[in-house]
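For reference, the structure is listed below as structure tokens.
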Amino acid sequence: MASRPVPESVTRRKRIILFTDISLAVIILSIALHVTVPGISYLMWMIGAIAAAGGTLALRRTIDQADLPTTELDEYRLKLHLEAREDGLLGALALSILLFVVAGAIAFALRFWVWDGPTVALLFAKMAHLQLVWVPFIVARSLAGKFNRDELVSAR
0 MASRPVPESV
10 TRRKRIILFT
20 DISLAVIILS
30 IALHVTVPGI
40 SYLMWMIGAI
50 AAAGGTLALR
60 RTIDQADLPT
70 TELDEYRLKL
80 HLEAREDGLL
90 GALALSILLF
100 VVAGAIAFAL
110 RFWVWDGPTV
120 ALLFAKMAHL
130 QLVWVPFIVA
140 RSLAGKFNRD
150 ELVSAR
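Numbering (numbering that gives the first Met the number 0), first residue to last: 0 to 155.
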């Protein structure tokens, strides 16, 4: 059986998803490097934040803003939208639990380390920002994956 070419829209969505995943990894790395290399950490945070927001916007354009519908959806699109929102909520819950555990560990560690207030505040700001950027991306990524699957199935 001969393989069919992958539609350009599927390839484009996959590239945007990879780019945004890498951008989110840069933000996570900036959180990890916050203590040891603060200057580079802040730069990585800004670059990762701008890139992740841009990647999410580009992904939303490729799925025709389906993550935030403004019109009434047909039954199939509504099902996809609700599944994607559920994926987003589960991702938000998992990320919230992880960030609360990390914040608790940091709060416990601060009893033994001496950090100034702005350093701690910026660390928590990075963690909150990660969640604010990641959750909309989870929803858009879920919808993009469902659209990719539909396009690949229909191309057969």
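All C-beta atoms in this analysis are idealised placements derived from N, C-alpha and C, irrespective of residue type, glycine included.
Cβ-Cβ distance between residue i and residue j below 8 Å
i: S8; j: T55; result: no
i: I39; j: M126; result: no
i: L23; j: A51; result: yes
i: V119; j: L109; result: yes
i: L28; j: R140; result: no
i: L122; j: I137; result: no
i: K145; j: A83; result: yes
i: V132; j: A48; result: yes
i: R3; j: R155; result: yes
i: A185; j: I16; result: Nothing can be reported for residue 185, as the shown portion of the chain is limited to 0 through 155.
i: H80; j: L72; result: yes
i: W44; j: I26; result: yes
i: G87; j: V34; result: no
i: E150; j: P37; result: no
For residue i, the first and last residue of its enclosing alpha helix (DSSP H)
i: G95; result: In the sequence under discussion, the amino acid at residue 95 is Ser, which differs from the Gly named in the question. That run of the alpha helix (DSSP H) goes 74–108.
i: S29; result: 7–31
DSSP state of residue i mapped onto helix, strand, coil
i: I62; result: coil
i: D149; result: helix
i: R155; result: coil
i: L129; result: helix
i: S141; result: helix
i: P37; result: helix
i: V119; result: helix
i: V134; result: helix
i: W44; result: helix
i: L67; result: coil
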